[in-house]
Each structure stands twice: as structure tokens, then as C-alpha cells.
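A.B. asks: Mind having a look at this structure? Questions to follow.
In our numbering, the protein residues as written are 29 to 337.
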């Protein structure tokens, strides 16, 4: 009888110790207005981070880790939708399907062939400008992006920030000059043959796009279509020429003029289609390259490729 009592007492003490040890694994840490809950059970470890900035707790992060698989979710990032440049999370077959999760397609590097058009959307109509279409190009570097899902994770509104360089190369040994507050095309000075005659503009851009990411197959959302407008602020316009000096034979390269009455603001209509990290886009600007009445009446248009990062 005495042995039985001793055994039962030891069993009760062991149960209490095991329970205490189990409770000790449930840890709560408060740091920098965040509450971190760590639940360490036999099969898995669960980590949750809650934000206390608002009246109600908002989940910032949740991670569930087991020997077989792991699951992580960043709710604030998903809710806000902005991504750190060049560190974007990719869709993988191991990622859980999230109803309100979308990856935007703006951030990255783009290169396109640049041409001119008129107000009636006639692409290739260069007006009085002898544009070299083979050399004219545009370069885009989009460094910030964000998306707000609407109606699940198929449609979203994308925005961000980027840089857009446009290089208009002229041929026929001509260049652009501003005289009497009017920019026109003029022939090169007598005895000079241009090797290079180019107008370059730099715009800071902000897009407003509607993005479609249809679900194809088993949670496959690699295909996307975006359409919308891109606003731009012209922060630089320079005209550079290169030629061989007819007297000395030395190469001459310098910025001949700046400004040239280019429009301070622009607005591009853009359509982009792609799969994964590769996309193709077409753009047209209903706003002229030059200010109205102060330069040739031409609009910019381009067709190119985009690599999302």
C-alpha cells in the first residue's frame, strides 16, 4: 500500500512537472510596441507577431515550422503591398494560396524602341523632325512598386515610382535649336557633319495601373496584363552633338542646349502583357514632347520589353 502511494505521488509530481514544462514553452515577449507569441509544441513551433499601435491587435507576421514543411505570412506587407527593391518574394509551388495576395509588375528594368506620333494616334508620323528610328530608344528603371488587391487576388491597382530616359536621335545632319523661344529643326553648321545628334529627356514617373492576374491551373498566377496611365515630371532635357572638327580633326562632343521648350509634364497610356518576370509593353503619350506652340507637334510612342525584379 505504501509503495502504491509512493508511485501515485511520483506520477502526480511528474505530471505537474511536464505540464509546467509545457507551459514554459509558451513564451510571450513585448518589444517596440510589438507582442511576440512563441508556442513550442511537440509537433510544431508557431510564432506570431502582433502590432499594438491601434486599438485592436493586428497580426504582422505568422510562422508555423515543422519537420516536414514551413509556412510564413507577412500580413502588413500583404496589406500595404509595397516591396523592397530587388528583394521581391516570388510565387513558388510551396507558397500557400492567399486570397488577397498579389505581386505587382512595375519594378524592374525596361528597354524600348522609341518613335513619334501625331495627335490622332498615327504611330511613326514624326512631323518635321527627321527621327532616326533605328537609334532612338527609351530606358526605364522602376525602383518602387505596390499593389492593392480588389475583389480577391485576380484584379489589383498597381502604383509605384520610376525613372524614364528617352533618347531622340536625329538624322540628315540636323539638330534642334531654340531661337526666339521656339524650338525648330536646323541643319548643321557649314562644314560640320554630325556623327551624333540626340535629344535626351529624363522623367520621374508614377503609374496608376489596373492589373489582371488570372489563375491558370493550380494556383498559377504567372500570367498578367496591366493597363493604365503613367504620369511623368520632366527633370532634365539636354541636346548633345558629336562631330569631327574640320580644322583639327579631333572629335568634339558637348551639350549644345538644354530645355528646348520640352513639356514639363507628360502622361503615357501603357499596356503590358507578360509571364513571370518577362513582359512586353506599348506606350503612347497624348501630350506632346514640346510645349504647345513652342516646338514641333509630335508625341512619343514606344514598344519594348520589361524585366521585373
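Glycine included, each C-beta is placed from N, C-alpha and C at the ideal position. These numbers were taken from a predicted model, which means no experiment stands behind them.
Jot down the residue ranges of each uninterrupted beta strand (DSSP E) in the segment 235-308, minimum 3 residues, whole runs only, in chain order.
C.D. replies: 251-272, 279-286, 293-303
A.B. asks: What's the gap between the Cα of residue 182 and the Cα of residue 334?
C.D. replies: Translated into the one-based positions of the chain shown, residue 182 becomes position 154. Translated into the one-based positions of the chain shown, residue 334 becomes position 306. In a straight line, the C-alpha of residue 182 is about 21 angstroms away from that of residue 334.
A.B. asks: Across which residues does DSSP place residue 171 in a beta bridge pair?
C.D. replies: The sequence position of residue 171 within the chain shown is 143, counting from 1. According to DSSP, residue 171 bridges with nothing at all.
A.B. asks: Determine, using beta carbons only, whether residue 229 and residue 194 come nearer to each other than 7 angstroms.
C.D. replies: The count along the chain shown starts at 1 and reaches residue 229 at position 201. The count along the chain shown starts at 1 and reaches residue 194 at position 166. Yes, the pair counts as a contact, with Cβ atoms nearer than the cut-off.
A.B. asks: Please report the straight-line C-alpha distance between residue 146 and residue 306, rounded to a whole angstrom.
C.D. replies: The residue labelled residue 146 in the question sits at position 118 within the chain shown. The residue labelled residue 306 in the question sits at position 278 within the chain shown. If I take the Cα positions, the gap works out to 30 angstroms.
A.B. asks: Pairs of beta-carbons, one from the segment 201-209 and one from the segment 258-265, closer than 8 angstroms: are there three or more?
C.D. replies: Contact fails between the segment 201-209 and the segment 258-265, because fewer than three Cβ pairs, one in each stretch, are under 8 angstroms apart.
A.B. asks: Where do the ends of the beta strand (DSSP E) carrying residue 214 lie?
C.D. replies: In the chain shown, residue 214 corresponds to position 186, counting from 1. Element bounds for residue 214: 210-215.
A.B. asks: Does residue 218 pass the burial test, meaning 16 or more other C-beta atoms within 10 Å, or should it be called exposed?
C.D. replies: Translated into the one-based positions of the chain shown, residue 218 becomes position 190. The residue is exposed, with fewer than 16 neighbouring Cβ atoms inside 10 Å.
A.B. asks: Which class does residue 130 belong to by DSSP, given the choice of helix, strand or coil?
C.D. replies: Sequence index remark: in the chain shown, residue 130 carries index 102 (1-based). Reduced to three states, the DSSP call for residue 130 is coil.
A.B. asks: For residue 186 versus residue 237, is the C-beta distance shorter than 7 angstroms?
C.D. replies: Looking up residue 186 in the chain shown gives position 158. Looking up residue 237 in the chain shown gives position 209. Yes, Cβ-Cβ distance for residue 186 and residue 237 is below 7 angstroms.
A.B. asks: Any idea which residues DSSP pairs residue 199 with across the strands?
C.D. replies: Taking the first residue of the chain shown as 1, we reach residue 199 at position 171. Answer is none; residue 199 lacks a bridge partner.
A.B. asks: Where residue 331 and residue 273 are concerned, what is the direct C-alpha to C-alpha distance, given to the nearest angstrom?
C.D. replies: Within the chain shown, the letter at position 303 stands for residue 331. Within the chain shown, the letter at position 245 stands for residue 273. About 36 angstroms.
A.B. asks: Following the continuous beta strand (DSSP E) through residue 148, name the residue where it begins and the one where it ends.
C.D. replies: Within the chain shown, the letter at position 120 stands for residue 148. Taken as a continuous stretch (DSSP letters only), residue 148 belongs to no beta strand (DSSP E), as it is neither H nor E.
A.B. asks: Sorted by chain position, which residues of the same chain lie with C-beta nearer than 6 angstroms to residue 223's C-beta, five sequence neighbours on each side aside?
C.D. replies: Here residue 223 corresponds to residue number 195 of the chain shown, with the count starting at 1. Only 270, 271 meet the Cβ criterion.
A.B. asks: Do the segment 275-283 and the segment 295-311 make contact, defined as three or more Cβ pairs closer than 8 angstroms?
C.D. replies: no
A.B. asks: Residue 175: which of 164, 153, 133, 150 sits nearest, CA to CA?
C.D. replies: Here residue 175 corresponds to residue number 147 of the chain shown, with the count starting at 1. The shortest Cα separation from residue 175 among 164, 153, 133, 150 belongs to 133.
A.B. asks: Thinking C-alpha only, which one of 76, 260, 227, 56 is nearest residue 298?
C.D. replies: Counting from 1 along the chain shown, the entry for residue 298 is found at position 270. Out of 76, 260, 227, 56, 260 has the C-alpha closest to the C-alpha of residue 298.
A.B. asks: Among residues of its own chain, excluding the 5 on either side of residue 316, which ones have a beta-carbon nearer than 7 angstroms to its beta-carbon?
C.D. replies: Taking the chain shown and counting its residues from 1, one reaches residue 316 at position 288. Taken in chain order, the residues that qualify are 291, 325, 326, 327.
A.B. asks: Sorted by chain position, which residues of the same chain lie with C-beta nearer than 7 angstroms to residue 32's C-beta, five sequence neighbours on each side aside?
C.D. replies: To locate residue 32, count along the chain shown from 1; it is residue 4. Any reading at residue 32 needs caution, since the residue's pLDDT is 43, under 50, leaving its predicted position unreliable; the model's value is listed next. Hits under 7 angstroms: none found.
A.B. asks: Does the Cβ of residue 257 lie closer than 6 angstroms to at least one heavy atom of the ligand FAD?
C.D. replies: The ligand FAD is not part of this structure, which contains no ligands at all.
A.B. asks: Whole angstroms are fine: how far does the CA of residue 232 sit from the CA of residue 171?
C.D. replies: One-based indexing of the chain shown puts residue 171 at position 143. One-based indexing of the chain shown puts residue 232 at position 204. About 11 angstroms.
A.B. asks: Based on Cα-Cα distance, which residue from 168, 303, 268, 256 lies nearest to residue 296?
C.D. replies: As a first step, residue 296 must be located in the chain shown, where it is residue number 268. Answer by Cα proximity: 256.
A.B. asks: DSSP state of residue 223, grouped into three classes?
C.D. replies: Locating residue 223 in the chain shown gives position 195, where the first residue counts as 1. If DSSP states are grouped into helix, strand and coil, residue 223 belongs with the strands.
A.B. asks: Can you round the beta-carbon distance between residue 226 and residue 286 to whole angstroms, since I take them to be within the 8 angstroms contact cut?
C.D. replies: Residue 226 sits at position 198 when you count from the first residue of the chain shown. Residue 286 sits at position 258 when you count from the first residue of the chain shown. In fact, because the Cβ distance is near 13 angstroms, the residues do not count as touching under 8 angstroms.
A.B. asks: Quick one, which of 64, 138, 129, 77 has its alpha-carbon nearest residue 300's?
C.D. replies: Taking the chain shown and counting its residues from 1, one reaches residue 300 at position 272. For the options 64, 138, 129, 77, the alpha carbon positioned closest to that of residue 300 is the one of 138.
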